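Written out below as C-alpha cells is the structure these notes cover.
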Amino acid sequence: MSYATLDHLVVTTTTLASGVDHVERTLGQPMDGGGDHASMGTHNRLLSLGPADYLEVIAANPDATSPGRPRFFDLDNRTGPPRLTNWVMRVDNLAEGLAMAPKGTGEGTALARGPYSWRMAIPADGKLPFDGMFPSLIQWDSPHPAPAIPDGGARLVALTLSHPDAAALRAALAPFLDDTRVEVVEGPVGMAARIRTGENEVVLT
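For the record, in the sequence shown the residue sitting at position 52 is 305 according to the working numbering, with numbers rising by one throughout.
Listed below in C-alpha cells is the structure:
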C-alpha cells in the first residue's frame, strides 16, 4: 500500500452531550463542527489535533431513522460513560487496504456529511477486529475535514493500544502503519491518548 496514516481518534458515548462534556473537561478545549450521518443514524462533534488529525465524539442519534444495520464502532451495544474506544486509519486505496486487513475489518461503505464524502470499512456486526483496537479504514473522496476545524493547539503525542494478544495486533498493523506515536502493549483491552494542550499533557481514555 502506498499510503496509510492515523486519521482520527474516536470517543464513543451513549449521548453526544455526555461525550462532548467528557472531552471538553479533560482537554479544556471546546469541540466544534460535526453533524449527522443520516445513513448510519449517528451524530458527532469534532476537536482539532492539528492540520491532519482530529478527535471525534460520536453517538447514536435518538432522532434519526434506524439505519437497518449495525452502526459503526459497535454503537448499538454502547453502555457506560464516554471513553476512547476506537481509532481510524486513512488509506489512499481502501480496496487494497481491506485486502491486507484482518478478517472482519468490514466492507467499503460510502458515507457523507455536509461537504465531506468518504468510504469507510464497516464490519457487518459493527465490531472491529482485536476488540476494536484494530482501526477502521477510511478513504476520503473529498478534502479532509481537519483543516476546517478551529485549531486550539491540541496535539496528539502518543496513542497506546492495549490488548492481551499484543503481538498479533502489532503484526496486523505492521503492513499499514509506521507512526512512532502509536504503541501496542500487552494488557487488558483499552486505549489511551496522550495529548498536549499548551504547556500541559493530559491523558484521554
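Every residue gets a Cβ at the ideal spot worked out from N, C-alpha and C, and that includes glycine.
Predicted model only: the values in this text are computed from it and were never measured.
- By the Cβ neighbour-count rule, D260 is buried, with 16 or more other Cβ atoms within 10 Å of its own.
- V456 is classed as exposed because its beta carbon has fewer than 16 other beta carbons within 10 Å across all chains shown.
- Inclusion of P428 and F383 in the CB contact set at 9 Å is not warranted, their separation being larger than that value.
- Beta-carbon to beta-carbon, D306 and L430 are separated by about 14 Å, too far to satisfy the 8 Å threshold.
- Setting aside the 5 residues that flank it on each side, V341 is surrounded in the same chain by D260, H261, P388, S389 and I391, each with a C-beta closer than 6 Å to its C-beta; the list follows chain order.
- Along the segment 304–387, the alpha helix (DSSP H) occurs as fully enclosed runs of 4 or more residues at 347–353, listed in sequence order.
- Under DSSP, H416 forms a beta bridge with E439.
- The criterion of a C-beta distance shorter than 9 Å is not satisfied by V442 and R336.
- By the Cβ test, the segment 306–319 is not in contact with the segment 360–367, since fewer than three Cβ pairs between them sit closer than 8 Å.
- For R278, the enclosing alpha helix (DSSP H) stretches over residues L269 to L280.
- Two segments are said to touch when three or more pairs of C-beta atoms, one from each, lie closer than 8 Å; by this definition the segment 373–382 does not touch the segment 298–305.
- Exposure of V438 is indicated by the presence of fewer than 16 other C-beta atoms within 10 angstroms of its C-beta.
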